[in-house]
Amino acid sequence: MKKLGFDDLSSLSTQAQQSPRKRMNHNLHSELSDPIQRLVIAMEPDTYIRPHHHRHTWELLTPLRGRFVVLTFDDDGVVIGRAVLGEDVSIAETPVAGWHAVLSLDTGGVIFEVKHGPYSPFKEEDFAPWSPSAEDDKHKELMRWFRNAEVGQRWPGC
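All the letters of the sequence shown, read from the start, carry residue numbers 1 to 158 under UniProt numbering.
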């Protein structure tokens with residue numbers, strides 16, 4: 001039996017806080033080639049999850065600790081869905097190939113993710129073309145916008 005306790009989540013959060021990317025994951029799947037990927041991700045509020053999509057899979061998210069804004073977008077960057085996991089929603093599933101982003105609202109936040117495998121590293125075409133890269137300081141503006149973005153709005157920086 002695989003299991004993670006509250007101490008394990010705290011340890012993962014500490015690792016995320018010390019990581020340059022401000023996130024850390026713990027895989028529950030045995031191999032990157034597994035057909036179902038299951039992972040626990042500690043995410044600090046200043047980690048940037050660039051808007052992206054998974055071409056061949058949906059993605060299911062549920063909070064284990066803390067709150068997370070989950071946004072879905074159309075191809076032009078208009079918000080078409082918004083949920084705050086851990087506050088008003090317990091589970092969010094993004095559709096196959098749906099553009100989405102996640103923002104941790106709380107220090108020590110931990111989220112559980114499930115999606116089809118095998119693992120495939122992101123390519124540039126997997127990122128929303130209207131979104132800044134992590135190397136571009138504009139990503140900080142986008143993250144601030146994520147906090148309050150509502151359905152029907154488009155990031156002014158597009």
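All residues carry an ideal CB built from backbone N, CA and C; glycine is no exception.
Just so you know, these numbers come straight off a predicted model, no measurement behind them.
Q: Run through the UniProt domain "Cupin fold metalloprotein WbuC cupin" (7-85) for me and flag every whole beta strand (DSSP E) of 3 or more residues, listed as ranges in chain order.
A: You should have 23-27, 36-43, 59-65, 68-73 and 79-85.
Q | Nearest residue (CA-CA) to Leu-31, options Ala-149, Ser-120 and Trp-155 | A | Residue 31 sits at position 31 when you count from the first residue of the sequence shown. Looking at the sequence provided, one finds Glu at residue 31 rather than Leu. Nearest of Ala-149, Ser-120 and Trp-155 to Glu-31, Cα basis: Ser-120.
**Q.** Backbone CA spacing between Ser-133 and Thr-62 [nearest angstrom]
**A.** For the purposes of this step, residue 133 is taken as residue 133 along the sequence shown, with counting starting at 1. For the purposes of this step, residue 62 is taken as residue 62 along the sequence shown, with counting starting at 1. If you take the alpha carbons of Ser-133 and Thr-62, they lie about 26 Å apart.
Q.
Excluding the 5 residues flanking Trp-145 on each side, which residues of the same chain have their C-beta closer than 8 Å to its C-beta?
A. Residue 145 sits at position 145 when you count from the first residue of the sequence shown. Excluding residues up to 5 positions away in sequence, Trp-155, Pro-156 and Gly-157 lie with their Cβ nearer than 8 Å to the Cβ of Trp-145 in the same chain.
(Q) Which residue wins for smallest C-alpha separation from His-100, given the options Ser-131, Val-110 and Val-89? (A) The residue labelled residue 100 in the question sits at position 100 within the sequence shown. Taking only the C-alpha atoms, the option nearest His-100 is Ser-131.
Q. Under the three-state reduction of DSSP, which class applies to Glu-93: helix, strand or coil?
A. As a working note, residue 93 is residue 93 in the sequence shown. Note: Glu-93 maps to strand in three-state DSSP.
Q) Is Lys-115 helix, strand or coil by DSSP? A) As a working mapping, residue 115 is identified with position 115 in the sequence shown. In the structure shown, Lys-115 sits in a strand (DSSP, three-state: E or B).
Q) Does DSSP classify Trp-145 as helix, strand or coil? A) Along the sequence shown, read from residue 1 onward, the residue named residue 145 stands at position 145. Secondary structure of Trp-145 (DSSP, three-state): helix.
Q) Can you tell me whether Gly-66 is buried or exposed, with buried defined as 16 or more other CB within 10 angstroms of its CB? A) Counting from one through the sequence shown, the residue named residue 66 turns up at place 66. With 16 or more other Cβ atoms from the protein chains shown falling within 10 Å of its own Cβ, Gly-66 counts as buried.
Q. Between the segment 88-104 and the segment 42-56, are three or more C-beta pairs nearer than 8 Å?
A. Because the criterion of three Cβ pairs below 8 Å is met, the segment 88-104 and the segment 42-56 touch.
Q: Please classify Phe-68: is it buried, with 16 or more other beta-carbons within 10 angstroms of its beta-carbon, or exposed?
A: Counting from 1 along the sequence shown, the entry for residue 68 is found at position 68. Burial state of Phe-68 is buried, judged by a 10 Å Cβ sphere holding 16 or more other Cβ atoms.
Q. Should Ile-111 and Leu-71 be called a contact, given that it needs their Cβ atoms to be closer than 8 Å?
A. Working through the sequence shown from its first residue, we reach residue 111 at position 111. Working through the sequence shown from its first residue, we reach residue 71 at position 71. No; because the gap between Cβ atoms is not below 8 Å, this pair is not in contact.
Q: Leaving out five residues on either side along the sequence, give the residues of the same chain with a beta carbon under 6 Å from the beta carbon of Lys-2.
A: Locating residue 2 in the sequence shown gives position 2, where the first residue counts as 1. Setting aside the 5 residues that flank it on each side, Lys-2 is surrounded in the same chain by Leu-28, each with a C-beta closer than 6 Å to its C-beta; the list follows chain order.
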